[in-house]
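Here is the structure we will look at, set down as structure tokens.
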């Protein structure tokens, strides 16, 4: 069987490239405390990582009002910006992996549940804006698992679905890719157990950034 080569490699951000899950959990718990809502356990908050923030809040707290959602969103953003005095780190080997892919001419993009302001802020902090050609955020198009982000990136680059792959750590990433008709690749170190991602028939699941680079450059 011929080895499939991808022109466009689309990454999720939180839980795939950046080790930010603990920060997301902490900021959501602080926002819930501010709003006098139940403070949920990390495992519950992991379930919504990857969704647009408003949708995530509604799923965590069924029955909340629009005013409560707006307040929790504002407090979450406040705590997240405050916490950036201690920046998150990439998962081991991620920066080397990204450079290897770029050096081989792969087009790298991002499809994330982060806000545009949040993604631009973190990309600036880690000096990686030039690495990524095209990014889509949940507050400027439809949230995962809608295929909208991927459709827009495919159109931006003029790439056919069969020449793209989506890499992520949650069911939302896998379902979005499946809905868009592109291959998906699961990482084992993120928010959702990798066995759950296998339901979406990924082309591979990997346990390290080095293994991911080897698969994409084989």
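Numbering (this note's numbering), first residue to last: 1 to 218.
Note that beta-carbon positions come from the ideal geometry of N, C-alpha and C, so glycine has one too.
Since this is a predicted model, take the numbers as computed values, not measurements.
Helix, strand or coil, according to DSSP, for residue i in the structure here?
i	result
residue 194	helix
residue 183	strand
residue 188	coil
residue 24	helix
residue 35	coil
residue 50	coil
residue 214	helix
Starting from the Cα of residue i, find the closest Cα among the options and give me that residue.
i	options	result
residue 27	10, 45, 18	45
residue 231	128, 113, 70	With the chain covering only 1 through 218, there is no way to say anything about residue 231.
residue 155	138, 133, 174	133
Taking all protein chains shown into account, decide if residue i is buried (16 or more other Cβ within 10 angstroms of its Cβ) or exposed.
i	result
residue 89	exposed
To the nearest angstrom, report how far apart residue i and residue j are at their CA atoms.
i	j	result
residue 207	residue 6	20 Å
residue 32	residue 75	8 Å
residue 1	residue 179	The predicted position of residue 1 is uncertain, since its pLDDT is 42 and thus under 50; no value can be drawn from it.
residue 21	residue 191	7 Å
residue 201	residue 162	15 Å
residue 118	residue 193	25 Å
residue 101	residue 213	7 Å
Look up residue i in the DSSP assignment and give the residues it is bridged to.
i	result
residue 110	11, 135
residue 90	18
residue 168	186
residue 204	185
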